[in-house]
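Reviewing the structure listed below.
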Amino acid sequence: MRSRVRPWRLSTKTPATLEELSRLDNSIIRGWFQYYGCFYSTQMRKLANYLELRLCRWARQKYKGLAEHKRKSLQWLRYIAQSRPSLFINWHYFEKSTIG
């Protein structure tokens, strides 16, 4: 699944908002979670971690204040995940953010 996520090149889509990224990717991610989630929950957690790390990288490239701060971008993404858990489907499946 990582090999399917890698070509999305999330970090290069800096003009897009977080909502636009979620609309583009949620249908595919939802399908994976529905199909594989019952039997491979550990692999799905790894995929969720990978997606969140990609989103953190996107945030560091989009926002100057996060540019060289990995921890700050992780905290920012945790805040977004807590305030809007339905934005990305993997945040819905794992109540708490799986980052860190």
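All letters in the sequence shown, in the order written, are residues 131 to 230 by my numbering.
Yeah, the Cβ is synthetic: ideal placement off N, Cα and C, and Gly gets one too.
Small disclaimer: the values here were computed from a predicted structure and weren't measured.
Nearest to residue i by alpha carbon, out of the options?
{"i": "residue 185", "options": "174, 205 and 161", "result": "205"}
{"i": "residue 200", "options": "211, 183, 219 and 176", "result": "183"}
{"i": "residue 208", "options": "198, 197 and 179", "result": "179"}
If we count the other Cβ atoms within 10 Å of its Cβ and call it buried at 16 or more, is residue i buried or exposed?
{"i": "residue 214", "result": "exposed"}
{"i": "residue 154", "result": "exposed"}
{"i": "residue 163", "result": "buried"}
{"i": "residue 189", "result": "buried"}
{"i": "residue 169", "result": "exposed"}
{"i": "residue 157", "result": "exposed"}
Taking only the alpha-carbon atoms, compute the straight-line gap between residue i and residue j and give it to the nearest angstrom.
{"i": "residue 147", "j": "residue 192", "result": "9 Å"}
{"i": "residue 166", "j": "residue 195", "result": "37 Å"}
{"i": "residue 172", "j": "residue 187", "result": "23 Å"}
{"i": "residue 135", "j": "residue 212", "result": "23 Å"}
{"i": "residue 160", "j": "residue 145", "result": "24 Å"}
{"i": "residue 175", "j": "residue 198", "result": "26 Å"}
{"i": "residue 202", "j": "residue 219", "result": "23 Å"}
{"i": "residue 221", "j": "residue 151", "result": "14 Å"}
{"i": "residue 177", "j": "residue 131", "result": "7 Å"}
{"i": "residue 216", "j": "residue 181", "result": "15 Å"}
{"i": "residue 149", "j": "residue 210", "result": "11 Å"}
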